[in-house]
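**Student:** Following this message is one structure expressed as structure tokens.
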Amino acid sequence: MMKAQMIIYDSEKARKKNASDSSRLMVSLEKLKKAGINVKYVDCKSASDVKGDGEAFDLVSKKGIGVLPLAEYDGALIAEGHYVSDQDLVDFLDVPNGVLSVNRSKALPLYETPAGDCAPNAPDPREQK
């Protein structure tokens, strides 16, 4: 099974328009890379730089690179006209807590759940009478 991929499509114009958010994203991408999580980053000069058959390709083909930045996860757009949030990076990519400035907002995958911790908030049936 192939792991889903996230692609960020960016442009110089988008970086200038959203300078602080662009800087935050670059720092986050570097932290992800150090943690062994790769996000494909494409610096677009023209619409032809957006490749593939996903929603980003369709949108840029119709509207041009003025719609950037875009974030695509497994072919579906998750951010359009703004940079993907750290929360979305953490949640979509199953980033371990502590790598970025936020923690996961969804439940841990089963392979990361400690043994015997299936329902941590459920009452112990042995203690009920």
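The numbering of the sequence shown is the working numbering, which starts it at -9 and goes up by one.
C-beta atoms are modelled at their ideal positions from N, C-alpha and C, and glycine is treated no differently.
Excluding five sequence neighbours on each side, which residues of the same chain lie with their C-beta closer than 8 Å to the C-beta of Ala69?
**Tutor:** Here residue 69 refers to the residue found at position 79 when the sequence shown is read from its first residue. Answer for Ala69: Pro59, Leu60, Ala61, Ser75, Asp78, listed in chain order.
**Student:** Examine the Cβ distances between the region 39 to 46 and the region 5 to 12 and report whether three or more of them are shorter than 8 Å.
**Tutor:** Flag = no, the region 39 to 46 and the region 5 to 12 do not touch.
**Student:** Is it buried or exposed, Ala4, if we count other Cβ atoms within 10 angstroms and call 16 or more buried?
**Tutor:** Counting from 1 along the sequence shown, the entry for residue 4 is found at position 14. Buried, because 16 or more other Cβ atoms sit within 10 Å of the Cβ of Ala4.
**Student:** Decide if Val17 is buried, meaning its Cβ has at least 16 other Cβ atoms within 10 Å, or exposed.
**Tutor:** As a first step, residue 17 must be located in the sequence shown, where it is residue number 27. So Val17 ends up on the exposed side.
**Student:** What does the alpha-carbon distance come out to for the pair Ala66 and Leu83?
**Tutor:** As a first step, residue 66 is located in the sequence shown; it is residue number 76 there, counting from the start. As a first step, residue 83 is located in the sequence shown; it is residue number 93 there, counting from the start. For Ala66 and Leu83, the distance between alpha carbons rounds to 14 Å.
**Student:** Would you kindly check if the distance between the Cβ of Tyr(-1) and the Cβ of Val40 is under 8 Å?
**Tutor:** For this step, residue 40 is matched to residue 50 along the sequence shown. For this step, residue -1 is matched to residue 9 along the sequence shown. Yes, these two residues count as a Cβ contact at 8 Å.
**Student:** Helix, strand or coil for Val40? Go by DSSP, reduced to three states.
**Tutor:** If you number the sequence shown from 1, residue 40 lands on position 50. The answer is coil: DSSP assigns Val40 none of H, G, I, E or B.
**Student:** Exposed or buried, which one is Ser1 when buried takes at least 16 other CB atoms within 10 Å?
**Tutor:** Position 11 of the sequence shown, counted from the start, is the residue given in the question as residue 1. The residue is buried, with at least 16 neighbouring Cβ atoms inside 10 Å.
**Student:** Apart from the five residues on each side of it in sequence, which residues of its chain come closer than 7 Å, Cβ to Cβ, to Tyr73?
**Tutor:** Stepping through the sequence shown from its first residue, residue 73 is reached at position 83. Contacts found: Asn8, Asp11, Ser12, Leu15, Pro59.
**Student:** Does DSSP put Ala25 in a helix, in a strand, or in coil?
**Tutor:** For the purposes of this step, residue 25 is taken as residue 35 along the sequence shown, with counting starting at 1. DSSP places Ala25 in coil when its eight states are reduced to three.
**Student:** Assign Gly57 to one of three DSSP states: helix, strand, or coil.
**Tutor:** Locating residue 57 in the sequence shown gives position 67, where the first residue counts as 1. The sequence as given places Val at residue 57; Gly does not occur at that position. Residue state, collapsed to three classes: helix.
**Student:** Residue range of the beta strand (DSSP E) that Asp33 falls in?
**Tutor:** Along the sequence shown, read from residue 1 onward, the residue named residue 33 stands at position 43. Asp33 -> beta strand (DSSP E) spans 30 to 33.
**Student:** Between Ala25 and Val80, is the Cβ-Cβ spacing less than 8 Å?
**Tutor:** Residue 25 sits at position 35 when you count from the first residue of the sequence shown. Residue 80 sits at position 90 when you count from the first residue of the sequence shown. The answer is no: Cβ separation not under 8 Å.
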